[in-house]
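First the structure, in the form of structure tokens, and then the observations on it.
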Amino acid sequence: MKICWQLFVTFLNIGAFTLGGGYAMLDMIERAVVKRRRWIEHGEFWESIAVVQSLPGVFAVNCALYVGYRIGGTKGAIAASLGAMLPSIVIMLFIAIFFTDYKDNPTVEKIFRGIRPCVVALILSPALKMCISAKVNWKTAIFPIGTALLIWWFKISPAYIILFAIIVCLIHAILIGNVE
Amino acid sequence: MIYLQLFLVYLKIGLLGFGGGYAMLSMIQFEVVEKHGWMTLSEFADVVALSQMTPGPISINCATYVGYQVGGIIGSLLASTAIVMPSLVLLYFVLRYLFKNKDNFIVRTTLKNLKPFVAGLIFAAALLMMNGANFPDVGLGDNNVSIIICAVTFVCVFFFKVNPMLLIAIAGIAGIVFF
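Line by line, the protein sequences are chains A and Z.
Residue 96 in the working numbering is what sits at position 96 of the first sequence, and the numbering runs on without skipping anything.
Just add 1000 to wherever you are in the second sequence, counting from 1, and you've got the working numbering.
What follows is the structure, encoded as structure tokens:
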């Protein structure tokens, strides 16, 4: 029970004070779990994170789930992931409730007119970075470009595309796996 | 009915959300804006900006906000629970099976090859947001402030790794000054 409480408080802290999303939280998680509490060893932590990273879903919550499960079993997993989620839900709920009142304020409207094009660029950047890290060349550029066009122009659901991509990549991997 | 719809949509996003927050944003955008019309593209951009400025994972922030818009406090709790449910279940299998097969060639290769598709997903999110509502001054005159904001932000974040929150703050000030 004590360990569950510790897990909850640790991840509550991380969830409440890390700005900038999942990968910024990873640094905080490592500091708390590996360096301060010494729950998990350095090597094991990073090996496991590599696996967790490849799962679908919210990265930071998946990390919390893994650490919680590893330290405190099922109860620990629930405590840690609740802790990680709670601050964003509470903070965002407050904003949602009050933002609707100020949305039509002329100054607020001007601020957001400036912010919207900025957000577009903030989304464009990780897409390009992912292409670079996946070593996309002129030939394989067909995959990101094709995917983007199918969604943007032909309005095909990203869900279908990602399912299709998983199947294709899986078959490809099985085939070249057999050759080797 | 709306609660069930909200729950199912976020369950789907949680299950197929490979590749982190931004990839999920494109899925959220498609479901919430394009398919169900729960909010406009401008509102969506505002939510993304607000999520960037508040602590915690962007996808949960976004789910909470959209859930509240659609179904009040219950809606926001439903959406943010639904988005993490699939990984909760999946992780059990992973902890039992995948962790013991960390070097599994097939799993590793599949996930590596999925990356270009995920990048395309994120590109689509950005393309969909390049519309008249988010760039209202385009084509109206010779001072295209919104395009300049977009271009400058891109250069700052892509080449110089400037903190996104700082860029959002500057863009907000630019909005007051130029609009």
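A virtual CB, placed ideally from N, CA and C, is assigned to each residue, including glycine.
Query                                                                                                                       : Result
Secondary structure of residue 19(A), DSSP reduced to three states                                                          : coil
Sufficient close CB pairs (3 or more, under 8 Å) joining the stretch 106-120 of chain A to the stretch 1153-1172 of chain Z : yes
Boundaries (first-last residue) of the alpha helix (DSSP H) holding residue 1043(Z)                                         : 1041-1053
Top-ranked residue by Cα proximity to residue 1134(Z), from 1054(Z), 1059(Z), 1063(Z), 1179(Z)                              : 1179(Z)
Residue 110(A) at chain Z interface by Cβ criterion, 7 Å                                                                    : yes
Inter-residue Cα distance where the pair is residue 100(A) and residue 1080(Z)                                              : 20 Å
Interface partners of residue 1157(Z) on chain A, CB under 8 Å                                                              : 121, 122, 125
Neighbouring residues, chain A, relative to residue 1128(Z) (Cβ below 9 Å)                                                  : 151, 152
Three-state secondary structure (DSSP) of residue 130(A)                                                                    : helix
Under 7 Å by beta carbon: chain A residues contacting residue 1018(Z)                                                       : 56, 162
Helix, strand or coil at residue 55(A) according to DSSP, with G and I counted as helix                                     : coil
Chain Z residues whose Cβ lies nearer than 9 Å to that of residue 69(A)                                                     : 1091, 1092, 1095
Those runs of the alpha helix (DSSP H) which lie wholly inside the stretch 99-171 of chain A and span at least 4 residues   : 106-133, 142-152
Span of the alpha helix (DSSP H), counted from its first residue to its last, around residue 1122(Z)                        : 1105-1129
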